[in-house]
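Q: Here the protein sequences line up with chains A and B, keeping their order.
Using my numbering, the letters of the first sequence map in sequence onto residues 1 to 152.
Using my numbering, the letters of the second sequence map in sequence onto residues 1 to 152.
Beta carbons are placed, not taken as given, at the ideal position from N, Cα and C, and that holds for glycine.
Bear in mind the structure is a predicted one, so any value in this text is a computation, not a measurement.
I am attaching a structure below and will ask some questions about it afterwards.
2 protein chains.
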Amino acid sequence: MHDDSEKYEELKLENQLCFPLYAVSNLIIRKYKTYLKELDLTYTQYITMMALWEEDLLIMAELNQKLHLNSSTLSPVLRRLEEKGYIEKGPLEEDERILFINLTDKGYELRDKALKIPKKMAKEFKLEQDEAKELHRILYKILEQEEKSKNK
Amino acid sequence: MHDDSEKYEELKLENQLCFPLYAVSNLIIRKYKTYLKELDLTYTQYITMMALWEEDLLIMAELNQKLHLNSSTLSPVLRRLEEKGYIEKGPLEEDERILFINLTDKGYELRDKALKIPKKMAKEFKLEQDEAKELHRILYKILEQEEKSKNK
DNA sequence: TAAAATTAAATCGCGCACAATTAAATCGCG
DNA sequence: CGCGATTTAATTGTGCGCGATTTAATTTTA
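What follows is the structure, encoded as structure tokens:
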């Protein structure tokens, strides 16, 4: 009743949610690497491009919010994307503290090459469609909960 | 019908599973930092300690498998845990290629301090119990799928 | 309107994560 | 036994992720 396994139950790896989340996230990013290498992108660079393919011309603050990453992570990512010629960026004329970011033609063109990646990744993970949907729903519930608590 | 939004639907951030997984994983680790700072642990060091609290005396290969991390990640993590005095490690006598790892007394004692962390984290994320269970189940399904494909 | 406060992004330092390579110990086959 | 093949972990180099700090532009306020 009062042995270790009872007392420390909450500290077991298998009873955490954070741990499988972390492990699966790492696993998926590892899988992406193979395919992203062909596009000369890292995973973080890839999701940054995704955000820009959806809406060209973003400012840093918008990208921070969309990707849940702050400028100390994204600044060097954007620098590398610019060096590769996929984006261009600079201070906004109206307010030079603000950084605008948009795609170059080369960045636009990459979108068609990227199209095959989701198809390939889908084959790697065989979840039932309702499981995938449920996973998606719960994860976004957590993210939205966080958004709300931030805006308080 | 054949406009951009249709063609590139699969490339939208909101249609990915990887992206919310990655964002939630980062978010949770960020939350842990506050509490782990008191124990002088990083998140990766914390899950390493969790593995050892469950089963003292592991070898590197076992830890790799348990944490889904390889030695190039864990070697420096273990070095830091040893520097902090929480673990000790060294070559196994029977086979000096193999690294054994076990807790020091100080490492054992940390377990009681760590006990409050799961309680604090539970308050941060308000998921229904059945949602948490379902999330847990699906994540482990993905991890087990990967295990199997490795052992082929 | 000049100084103080605020805002936005960049920089810095640290610790992962990982693929690729290296180093060292053991195994196994002739 | 001897030596090439294999196994195991450590090292190396790159790119995040993040908190804390810095830098620079704009806004507020006295």
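Under 7 angstroms Cβ-Cβ, which residues of chain A neighbour K113 of chain B?
A: Near K113 of chain B there are no residues of chain A at all, since even the closest Cβ is about 11 angstroms away, more than 7 angstroms.
Q: Taking C-beta pairs closer than 8 angstroms, name the residues in chain A that N102 of chain B reaches, listed in chain order.
A: Residues of chain A passing the Cβ test: none, with the nearest at roughly 16 angstroms.
Q: For a contact meaning CB atoms closer than 8 angstroms, what does S71 of chain A contact in chain B?
A: Near S71 of chain A there are no residues of chain B at all, since even the closest Cβ is about 15 angstroms away, more than 8 angstroms.
Q: G107 of chain A by DSSP, collapsed to three states: which one?
A: helix
Q: Which residues in the same chain as I59 of chain B place their Cβ atom closer than 8 angstroms to its Cβ, once the five residues preceding and following it in sequence are excluded?
A: L92, I98, L99, F100 and I101
Q: DSSP state of K126 of chain A, grouped into three classes?
A: coil
Q: Would L135 of chain A count as contacting chain B if we go by Cβ distances under 8 angstroms?
A: yes
Q: Going by C-alpha to C-alpha distance, which of A:Q129, A:L69, A:M49 and A:W53 sits closest to R80 of chain A?
A: A:M49
Q: How many Å lie between K123 of chain B and Y32 of chain B at the Cα?
A: If you take the alpha carbons of K123 of chain B and Y32 of chain B, they lie about 12 angstroms apart.
Q: Could you tell me which uninterrupted alpha helix (DSSP H) segments, each at least 4 residues in length, are contained entirely in the segment 39-123 of chain A, listed from first to last along the chain?
A: Taking only runs of at least 4 residues, the alpha helix (DSSP H) segments lying wholly in the segment 39-123 of chain A are 43-54, 60-67, 71-83 and 105-114.
Q: Step through the CB atoms of chain B and report whether any lies within less than 8 angstroms of the CB of I28 of chain A.
A: yes
Q: Relative to chain B, which residues along the segment 120-135 of chain A have a C-beta separation below 8 angstroms, given in chain order?
A: M121, F125, K126, L127, E131, A132, E134 and L135
Q: Kindly indicate the opening and closing residues of the alpha helix (DSSP H) around L36 of chain A.
A: C18 to K37
Q: Comparing C-alpha positions only, which one of B:Y108, B:N70, B:T73 and B:E131 sits nearest to E88 of chain B?
A: B:Y108
Q: Just to confirm, is the Cβ distance from F19 of chain A to I142 of chain B under 8 angstroms?
A: no
Q: For the segment 7-26 of chain B, which residues have a CB atom closer than 7 angstroms to at least one CB atom of chain A, in sequence order?
A: Y8, E10, L11, K12, L13, L17, C18, F19, P20, L21, Y22, A23, V24, S25 and N26
Q: When the cut-off is 8 angstroms and only beta carbons count, does P157 of chain B lie next to chain A?
A: Since the first residue shown for chain B is 1 and the last is 152, residue 157 of chain B is missing from the structure and cannot be characterised.
Q: Does E96 of chain B get closer than 8 angstroms to chain A when you measure Cβ to Cβ?
A: No, no contact with chain A.
Q: Hey, L103 of chain B and D56 of chain B are a contact pair by Cβ (cut 8 angstroms); roughly how many whole angstroms apart?
A: 5 angstroms
Q: In chain order, what residues of the segment 34-58 of chain A put their CB closer than 8 angstroms to some CB of chain B?
A: Within the segment 34-58 of chain A, those residues whose Cβ lies closer than 8 angstroms to any Cβ of chain B are, in chain order, Y43, I47, M50, A51, W53 and E54.
Q: Quick one: list the residues of chain A neighbouring E146 of chain B, beta-carbon separation under 7 angstroms, in chain order.
A: L27
Q: Have a look at E94 of chain A and K7 of chain B and give me their C-alpha separation to the nearest angstrom.
A: 35 angstroms
Q: How big is the Cα-Cα spacing for Q45 of chain B and L110 of chain B?
A: Q45 of chain B and L110 of chain B have their C-alpha atoms some 12 angstroms from each other.
Q: Could you work out which residue in B:L139, B:A132, B:E128 and B:L127 is closest to A132 of chain A when comparing CA atoms only?
A: B:L139
Q: Does any residue of chain B have a CB that is nearer than 8 angstroms to the CB of P91 of chain A?
A: no
Q: Identify the contact partners of Y108 of chain A in chain B, using a Cβ-Cβ distance below 7 angstroms as the criterion.
A: Within 7 angstroms Cβ-Cβ: nothing; Y108 of chain A doesn't reach chain B, min ~11 angstroms.
Q: Alpha carbon to alpha carbon, how far is E54 of chain B from D112 of chain A?
A: 48 angstroms
Q: Can you name the residues of chain B whose CB is closer than 8 angstroms to the CB of M138 of chain A?
A: According to the sequence displayed, residue 138 of chain A carries Ile and not Met. Neighbours of I138 of chain A on chain B, chain order: L127, E131, E134 and L135.
Q: Name the chain A residues whose beta carbon is nearer than 9 angstroms to that of L143 of chain B?
A: P20, A23, V24 and L27
Q: Under the three-state reduction of DSSP, which class applies to K148 of chain A: helix, strand or coil?
A: helix
Q: Could you check what DSSP says for Y8 of chain A in three-state terms: helix, strand or coil?
A: coil
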